[in-house]
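What follows is one structure encoded as structure tokens, with my remarks underneath.
In this note's numbering, the protein residues as written are 247 to 385.
Pasting the structure below:
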């Protein structure tokens, strides 16, 4: 009888531990995430007129912008994560600052894809353009 009691106790301990572990994992889930190569980072859905003042990864998808994204600051990374930023004229992204990196974007159907406004040392990695009046404008 004691052996059976030990087995039941051990089984209950295992089940309780599993329930606690599932609860902890559920509590710390990311609200929206991008996974790849073992890396997990939170992504942001771009919105018209959005101010970006820190390193930001956009969620993959196609987004129509009525107003430009504003990338402001120093030494920032905007990782579009293969997002398509589409417009119906106007401007896609305005960059103000220095040491900026814009990567993995498709910028399409704007009058000006990117305006560099008071910007220096801006790098583009894997950025493609389609159907814009001008792709990159220095002001």
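Glycine included, C-beta positions come from ideal geometry on N, C-alpha and C.
Computed from a predicted structure; not experimentally measured.
Subject >> Bounding residues of the beta strand (DSSP E) (the contiguous stretch that carries residue 359) >> reply: Taking the first residue of the chain shown as position 1, residue 359 is located at position 113. 358–371 is the span of the beta strand (DSSP E), which, as asked, contains residue 359.
Original post:
The beta strand (DSSP E) with residue 381 in it runs from where to where?
Top reply: The residue given as residue 381 occupies position 135 in the chain shown. It spans 380–384 - the beta strand (DSSP E) in which residue 381 sits, taken as one unbroken run.
**OP:** Have a look at residue 277 and residue 376 and give me their C-alpha separation to the nearest angstrom.
**Re:** In the chain shown, the residue the question calls residue 277 occupies position 31. In the chain shown, the residue the question calls residue 376 occupies position 130. Any reading at residue 277 must be qualified, since the residue scores a pLDDT of 43, below 50, and its modelled position is unreliable; the value itself is stated next. In a straight line, the C-alpha of residue 277 is about 32 Å away from that of residue 376.
Original post:
So, residue 324 versus residue 299, is the Cβ gap smaller than 8 Å?
Top reply: Start at 1 with the first residue of the chain shown, and residue 324 comes out as number 78. Start at 1 with the first residue of the chain shown, and residue 299 comes out as number 53. Cβ distance not < 8 Å, so residue 324 and residue 299 don't count as in contact.
Subject >> Collapsed DSSP secondary structure at residue 342 in the structure displayed >> reply: Position 96 of the chain shown, counting from 1, holds the residue named residue 342. Three-state result, residue 342: strand.
Original post:
Per DSSP, residue 297 forms a beta bridge with which residues?
Top reply: Mapped onto the chain shown, residue 297 falls at position 51. Beta-bridge pairing links residue 297 to 316.
Original post:
Does DSSP classify residue 355 as helix, strand or coil?
Top reply: The sequence position of residue 355 within the chain shown is 109, counting from 1. Three-state result, residue 355: coil.
**OP:** Kindly indicate the opening and closing residues of the beta strand (DSSP E) around residue 331.
**Re:** On the chain shown, residue 331 is found 85 positions in, with the first residue counted as 1. For residue 331, the enclosing beta strand (DSSP E) covers residues 330–332.
Subject >> Residues of its chain near residue 383, where Cβ-Cβ distance is below 6 Å and the 5 sequence neighbours each way are ignored >> reply: As a first step, residue 383 is located in the chain shown; it is residue number 137 there, counting from the start. Only 358 and 361 meet the Cβ criterion.
Subject >> Reference residue 378; option with closest CA among 304, 327, 354 and 343 >> reply: For the purposes of this step, residue 378 is identified with residue 132 of the chain shown, where counting begins at 1. Nearest option by C-alpha distance: 354.
Subject >> C-alpha gap between residue 344 and residue 316, whole angstroms >> reply: By 1-based counting over the chain shown, the position of residue 344 is 98. By 1-based counting over the chain shown, the position of residue 316 is 70. Straight-line Cα distance between these residues: approximately 13 Å.
Original post:
What three-state label does DSSP hand residue 325 in the structure shown?
Top reply: Here residue 325 refers to the residue found at position 79 of the chain shown. The DSSP-derived three-state label of residue 325 is strand.
Original post:
What are the partner residues of residue 303, as DSSP defines its beta bridges?
Top reply: Position 57 of the chain shown holds residue 303. Beta-bridge analysis with DSSP links residue 303 to 325.
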